[in-house]
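Novice: Quick one: the structure is below, questions incoming.
Residue numbers (the numbering used here): 545 to 688.
So, in structure tokens, the structure goes:
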């Protein structure tokens with residue numbers, strides 16, 4: 545089973561996540577890079593994927609589902625990265641041809657074995673946290 549399948553199963557019984565996403569605003573333009581801070585909310589060891597730890601998902605009204613947007617390529621065997629105590633800031637490119645609604649998603653593991661890809665690291669818990677919705681417009685005007 546792949547990481548996405550594991551995350552879908554584990555999201556059924558969600559409690560308060562051990563990390564949070566901080567985004568400076570919720571209106572963006574296509575072509576911009578969104579800066580998001582991923583911060584721990586507790587004392588647990590949190591691991592994220594080393595490549596693309598933050599995913600952009602766009603909502604598809606036709607499918608009534610969130611569709612992950614890939615930006616770059618990753619090696620399937622990349623080791624998971626432990627989230628530092630003070631968190632990390634990541635850049636996420638935003639690309640949309642039409643006005644759309646998106647959200648940011650961070651898959652994570654709790655108390656994992658260091659040196660393995662997230663889905664193979666024997667984590668006590670695998671789950672994800674999602675931001676509140678953001679709007680992305682195809683225009684170039686600045687949003688405060």
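Every residue gets a Cβ at the ideal spot worked out from N, C-alpha and C, and that includes glycine. Remember, predicted model here, so these are calculated numbers, not experimental data.
Sorted by chain position, which residues of the same chain lie with C-beta nearer than 6 Å to residue 639's C-beta, five sequence neighbours on each side aside?
Specialist: The residues are 574.
Novice: Check the C-beta distance from residue 673 over to residue 563 and give it rounded, since I have them as a contact under 8 Å.
Specialist: That pair is a contact at about 6 Å.
Novice: Using only the alpha-carbon positions, how far apart do residue 626 and residue 653 sit?
Specialist: Near 9 Å, if we compare the C-alpha coordinates of residue 653 and residue 626.
Novice: Which first and last residues belong to the beta strand (DSSP E) in which residue 676 is found?
Specialist: No beta strand (DSSP E) holds residue 676; DSSP gives it neither H nor E.
Novice: Does residue 568 come out as helix, strand or coil in the three-state DSSP assignment?
Specialist: Looking at residue 568 - three-state DSSP - the assignment turns out to be coil, as it is neither helix nor strand.
Novice: Let's test the definition: count the other Cβ atoms within 10 Å of the Cβ of residue 661 and tell me whether it reaches 16, buried, or not, exposed.
Specialist: Buried, since its Cβ has 16 or more Cβ neighbours within 10 Å.
Novice: Identify whether residue 631 lies in helix, strand or coil by the three-state DSSP scheme.
Specialist: DSSP places residue 631 in coil when its eight states are reduced to three.
Novice: Does the contact criterion of 3 or more C-beta pairs under 8 Å hold for the region 602-617 versus the region 576-591?
Specialist: They do not touch, by the three-pair rule.
Novice: Please check the pair residue 605 and residue 641, which I expect to be a contact at CB under 8 Å, by giving their CB distance rounded to whole angstroms.
Specialist: That pair is no contact at about 15 Å.
Novice: Per DSSP, which residues does residue 644 bridge with? Please list them.
Specialist: In the DSSP output, where bridge partners are listed per residue, residue 644 has 680.
Novice: Does residue 624 pass the burial test, meaning 16 or more other C-beta atoms within 10 Å, or should it be called exposed?
Specialist: Buried is the call here.
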